[in-house]
Each structure stands twice: as C-alpha cells, then as structure tokens.
C-alpha cells in the first residue's frame, strides 16, 4: 500500500474493515505510539507512515484535501478496495458529504 511513498491516508468505511486493518497493521508492526493494538480506537481515516507510525486524521483535513486548491497531499487509499485486489483503490472523492442547512 505504501510502495515508495513516505505516507498514505487510508479510508476505512466500517468497523469490519477497521478490524481487518488492525489485524494487518499489527502483524506488520505498525503502531499508534506505544498503545497495544487492542487499545486502538476506530477511525474512518488513518495516516500510515513508512516509519511504522500511524495517526488518526481529522475528517475535516480528509474532506478539505479533495478541494481544488490543495496540493501535495498523500495518496488516499480505500482499504476495502485495496484488500479486494481492485485496480481502482485510490480515493478520488472524500466519501463524506457536506450538510447544508
């Protein structure tokens, strides 16, 4: 998933996919600081670094990164599509929609 990139942002669409992500990340020795994997908290978007570090990405940052005036954001991967061996696993839209009142 990382390839030659220093980091990627990973979209996780459900707790089921989160659980799969946690198992795979822990097996590969990725980490959220010093927390053991059983204490990792669900998030829809995680930043994964080649150093093995991970962090939760605020949804605001994720959504904003799809705006036309943003450059140099990491690649964004849909983890479900990635694990299903799909060819189109990069996210081209946020999957979260703005609410209007």
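Residue numbers (our numbering): 813 to 913.
Glycine included, C-beta positions come from ideal geometry on N, C-alpha and C.
So what does DSSP say about residue i, is it helix, strand or coil?
{"i": "residue 913", "result": "In this prediction, residue 913 scores a pLDDT of 48, lower than 50, which makes its location untrustworthy; the coordinate-derived value is nonetheless stated afterwards. DSSP places residue 913 in coil when its eight states are reduced to three."}
{"i": "residue 903", "result": "coil"}
{"i": "residue 890", "result": "strand"}
{"i": "residue 847", "result": "strand"}
{"i": "residue 852", "result": "coil"}
For residue i, which of the options has the nearest alpha-carbon?
{"i": "residue 877", "options": "814, 839, 903", "result": "903"}
{"i": "residue 860", "options": "893, 895, 823", "result": "823"}
{"i": "residue 862", "options": "896, 900, 837", "result": "837"}
{"i": "residue 821", "options": "897, 898, 831, 871", "result": "871"}
{"i": "residue 905", "options": "891, 899, 814, 875", "result": "875"}
{"i": "residue 907", "options": "890, 900, 896, 895", "result": "890"}
{"i": "residue 791", "options": "897, 856, 839", "result": "Here the chain has residues from 813 to 913 only, and residue 791 is not among them."}
{"i": "residue 833", "options": "899, 819, 895", "result": "895"}
Between residue i and residue j, is the Cβ-Cβ spacing less than 9 Å?
{"i": "residue 831", "j": "residue 845", "result": "no"}
{"i": "residue 847", "j": "residue 858", "result": "no"}
{"i": "residue 886", "j": "residue 817", "result": "yes"}
With DSSP as the reference, please indicate the residues paired to residue i in a beta bridge.
{"i": "residue 867", "result": "859"}
{"i": "residue 820", "result": "860, 887"}
Are at least three pairs of beta-carbons, each pair with one atom in the region 834 to 853 and one in the region 878 to 887, less than 8 Å apart?
-> no
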